[in-house]
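Visitor:
Right under this line is the structure:
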């Protein structure tokens, strides 16, 4: 049996036939969402979920720990890495940036590599929420919340590096346009200052966008906690000793009271009024409209940090679009890297995040991967065509100099590995997608390393040539930023709504006031 | 949205038109609908009946409900436009003051104040101001934050955040009549009707 029309599923269900769960598990169409026929609209939510089911699934993730005992140990590991990284940052601040492997020639290395790496990852969230919103891509509702969360956490990790790389972090306030004791103002002609404004604006706007999307979902969580409290269904928190020890203690804390308070405060009294929804949707569209140029501007400005210098390898006009494409590429890879395991670890996650979502994101990886590949080729072409011997040398040195392995890792991971997605079997196989996403993430880190370190390590005079070798402080701060990112994301998965419930409900067939199946609400409560 | 939503102690509330047997003022009538098509058509009917102070509550924005309710377009874009203008002009002014007037210094022999290098920060601040205006303007026009509301006291109403739809007619509506409005909502297919008291 091929793909089934969602209306037919509803019809069968109304007629009291089987729920249809087994019927849509079919090999050629995966989970039933990989529909070839353009006349058939692939369902965005699987297994005949009613509107109430969506509430139950999504709120269940925030209200109960995920099944299995993996969450706490995994969180402990991630936060240990984060803590070690923070200790290293403290050590760096106390001692100085000489604890990194920097030298006279290579003054930017892992610090700025990590900064550009994280800020690039942070671009997928706003791309999904803003650009795909403007293009009315309804499938984005399944991924936008976690992608936005990822954006926020990635930008937080990114922000660490430029702040600590200045060495004397207690002077970081001098980048802000506030009067200081020398009566001087910052230089607004410097791309480094543009970067301060771009990154902080990007962080703030992403945070506002993320928060605004969550207001209705916070209200749902508030109402559920409130209803349980009124019905006396709330229990006190019970702490259980781990392992074989039989000991448990009841704390004088009612979890639902805390939920009603915290989610209630965050929900600012949202009561699902249609008059409010109208302004809400308007505000959402405006935010999407202004975030779209913002997301393109941020990585362009990051690339100006390099492109406005006169260093061979950096001084190229292709940098802004090349950086933006690479950011989207790396960001989508990170979204897939996080969501594919989540799909396996959380029950019913696959009903909301279907194979079609993964396939669409794999296609984006393929497209942006080739954009990045085109940029790599074009850099070489211009280096030759521009007839500047320093420029040409910088590029030949990238591919065949002492850092050849970094360059070819980058090419293999970023250009070669996504080519697998020309095959549909590959781009609908979550394991393959996950492996490619991992390779792309590694490749994108190496891309920034190649751009920064190989351009710096051999400048104009051979007498100043130096290699860069990372120290353990470099390495632990990088793994620390990974730990911070993963810990934050795990907290998000545990306590905040992972799917935008209102948006998912709005794209379900039951939500259409004019549909011929609209007389059936699929469940009730 | 009104100032009285934020500073209620400045205003003497009008005498309630209707009170319950317990003497509490009536906020309005709450009618429950179990599917989206029913509430949509009921909303069209309510609009045609000439109600003004009423609302539809739904767990997600219903497509086209603005027309069904006869709601006017929001003024939010003008607020955001004003904020964008403030951000852009403020940023240009700030950069002119800091680099072109108060603290001039020569960088690569370029002019003290040319608009091109100042565009980036100008754009970013325009976006930043607009984003704040979009979120907080939306909340202010909605009369939010408002953490308590008579409707939230009704346990039935809490299902509006899950999968149930409600039409609420407030007692302040000139066409409101406890019995006639109730009968009208019943005829429109409401599955349950409840009187909501003012908190």
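Residue numbers (my numbering), protein chains in the order written: chain A, 2 to 526; chain B, 97 to 295. All residues carry an ideal CB built from backbone N, CA and C; glycine is no exception.
(1) Among B:103, B:106, B:124, B:283, which residue has its Cα nearest to the Cα of residue 112 of chain B?
(2) On the CB-based measure, 16 or more other CB atoms within 10 Å of its CB, does residue 465 of chain A come out buried or exposed?
(3) Flag this pair as touching only if the stretch 496-508 of chain A and the stretch 151-169 of chain B have three or more C-beta atom pairs under 8 Å; answer yes or no.
(4) Using three-state DSSP, classify residue 262 of chain B as helix, strand or coil.
(5) Show which residues of chain A have a CB atom less than 8 Å away from the CB atom of residue 270 of chain B.
(6) How would you list, in chain order, the residues of chain B whose beta-carbon sits under 8 Å from the beta-carbon of residue 234 of chain A?
(7) Can you tell me whether residue 201 of chain B is buried or exposed? The criterion is at least 16 other CB atoms within 10 Å of its CB, across all chains shown.
(8) In this structure, how does DSSP classify residue 214 of chain B when only helix, strand and coil are distinguished?
(9) Should residue 325 of chain A go down as buried or exposed, given a rule of 16 or more other Cβ atoms within 10 Å for buried?
(10) Quick one: residues in its chain with C-beta nearer than 7 Å to the C-beta of residue 284 of chain B, no 5 flanking neighbours on either side, listed in chain order?
(11) Leaving out five residues on either side along the sequence, give the residues of the same chain with a beta carbon under 7 Å from the beta carbon of residue 147 of chain B.
(12) Near residue 29 of chain A, which residues of its chain fall below 6 Å by C-beta distance, leaving aside the five closest residues on each side in sequence?
(13) Looking only at DSSP bridge pairs, what is residue 249 of chain A linked to?
(14) Can you name the start and end residues of the alpha helix (DSSP H) that residue 224 of chain A belongs to?
(15) If we count the other Cβ atoms within 10 Å of its Cβ and call it buried at 16 or more, is residue 306 of chain A buried or exposed?
(16) With distance defined between alpha-carbon atoms, name the residue in A:369, A:361, A:267 nearest to residue 138 of chain A.
(17) Can you list the residues of chain B that residue 273 of chain A reaches, using a CB-CB cut of under 7 Å?
(18) Classify residue 116 of chain B as buried or exposed, calling it buried when 16 or more other Cβ atoms lie within 10 Å of its own Cβ.
(19) Which runs of the alpha helix (DSSP H), 4 residues or longer, sit entirely within the stretch 262-322 of chain A?
(20) Where does residue 47 of chain A fall in DSSP's three states?
(21) So, at 8 Å on beta carbons, what are the nonlocal neighbours of residue 474 of chain A in its own chain, with the 5 sequence-adjacent residues on each side left out?
(22) Please list, in chain order, all residues of the same chain as residue 162 of chain A whose beta carbon is under 6 Å from its beta carbon, the five residues on each side excluded.
(23) Go to residue 487 of chain A, then tell me how far its alpha helix (DSSP H) extends in each direction, as first and last residue.
(24) In this structure, how does DSSP classify residue 508 of chain A when only helix, strand and coil are distinguished?
(25) Look at residue 296 of chain A and residue 196 of chain A and say whether their C-beta atoms are less than 8 Å apart.
(26) DSSP three-state call for residue 202 of chain B: helix, strand or coil?
(27) To the nearest angstrom, how far is it from the Cα of residue 332 of chain A to the Cα of residue 123 of chain A?
(28) Using a Cβ cut-off of 9 Å, which residues of the stretch 461-476 of chain A contact any Cβ in chain B, in chain order?
(29) Can you have a look at residue 468 of chain A and say buried or exposed, based on whether 16 or more other CB atoms are within 10 angstroms of its CB?
(30) Using DSSP with H/G/I as helix, E/B as strand and the rest coil, what is residue 112 of chain A?
(31) Taking residue 367 of chain A as the reference, which of A:426, A:415, A:380 has the closest Cα?
(32) Bridge partners of residue 124 of chain B, per DSSP?
(33) Can you confirm whether residue 213 of chain B, when its beta carbon is compared against all beta carbons of chain A, has any partner nearer than 8 Å?
(34) Tell me whether the beta-carbon of residue 189 of chain B lies closer than 8 Å to the beta-carbon of residue 289 of chain B.
(35) Which value, in whole angstroms, describes the spacing of the CA atoms of residue 359 of chain A and residue 422 of chain A?
(36) State yes or no: is the C-beta of residue 202 of chain A within less than 8 Å of the C-beta of residue 223 of chain B?
Guide: Reading from the atomic positions:
(1) Taking only the C-alpha atoms, the option nearest residue 112 of chain B is B:124.
(2) The residue in question, residue 465 of chain A, is exposed, as its Cβ has fewer than 16 Cβ neighbours within 10 Å.
(3) With three or more CB-CB distances shorter than 8 Å, the stretch 496-508 of chain A counts as touching the stretch 151-169 of chain B.
(4) The answer is strand: DSSP assigns residue 262 of chain B an E or B state.
(5) Against chain A, a Cβ distance below 8 Å from residue 270 of chain B picks out nothing, because the smallest value is about 18 Å.
(6) By Cβ distance, chain B contributes nothing, its closest Cβ being about 12 Å from residue 234 of chain A, past 8 Å.
(7) With fewer than 16 other Cβ atoms within 10 Å, it is exposed.
(8) In the three-state scheme derived from DSSP, where H, G and I count as helix and E and B as strand, residue 214 of chain B is classed as helix.
(9) Residue environment: residue 325 of chain A is assigned as buried (16 or more neighbouring CB atoms within 10 Å of its CB, all protein chains considered).
(10) Non-local C-beta neighbours of residue 284 of chain B in its own chain, meaning closer than 7 Å and more than five positions away in sequence, comprise 138, 141, ordered along the chain.
(11) Closer than 7 Å at Cβ, skipping near neighbours: 265, 269, 271.
(12) The pLDDT assigned to residue 29 of chain A is 46, lower than 50, so where the model puts this residue is not dependable, and the model offers no usable value.
(13) Per DSSP, the beta-bridge partners of residue 249 of chain A are A:241.
(14) Note, residue 224 of chain A: alpha helix (DSSP H), 192-231.
(15) When all chains shown are included, residue 306 of chain A counts as buried.
(16) The residue with the shortest Cα to Cα distance from residue 138 of chain A is A:361.
(17) Near residue 273 of chain A (Cβ distances below 7 Å), the residues of chain B are 153, 154, 155, 256, 257.
(18) Taking every protein chain shown into account, the CB of residue 116 of chain B has fewer than 16 other CB atoms within 10 angstroms, so this residue is exposed.
(19) For the stretch 262-322 of chain A, whole alpha helix (DSSP H) runs of length 4 or above, ordered along the chain, are 275-308.
(20) Three-state DSSP puts residue 47 of chain A in coil, outside helix and strand.
(21) Closer than 8 Å at the Cβ level, and outside the excluded window around residue 474 of chain A, lie 89, 92, 93, 100, 101.
(22) Short of 6 Å from the beta carbon of residue 162 of chain A, and not among the five residues preceding or following it, lie these beta carbons of its own chain, in chain order: 112, 115, 116.
(23) 473-496 is the span of the alpha helix (DSSP H), which, as asked, contains residue 487 of chain A.
(24) Three-state result, residue 508 of chain A: coil.
(25) Not closer than 8 Å, so no.
(26) Here residue 202 of chain B sits in coil by DSSP.
(27) In a straight line, the C-alpha of residue 332 of chain A is about 6 Å away from that of residue 123 of chain A.
(28) Against chain B - using a Cβ distance shorter than 9 Å - the stretch 461-476 of chain A contributes no residues.
(29) Classification of residue 468 of chain A: exposed, given that the 10 Å Cβ count is below 16.
(30) Looking at residue 112 of chain A - three-state DSSP - the assignment turns out to be helix.
(31) Out of A:426, A:415, A:380, the CA that lies nearest to the CA of residue 367 of chain A is found in A:415.
(32) Answer is B:266, B:292, bridged to residue 124 of chain B.
(33) Interface residue (Cβ-Cβ distance to chain A less than 8 Å): residue 213 of chain B is classified as such.
(34) Judged by beta-carbon spacing, residue 289 of chain B lies beyond the 8 Å limit of residue 189 of chain B, meaning their Cβ atoms are not closer than that value.
(35) Straight across, the Cα-Cα distance linking residue 359 of chain A with residue 422 of chain A is about 11 Å.
(36) Closer than 8 Å, so yes.
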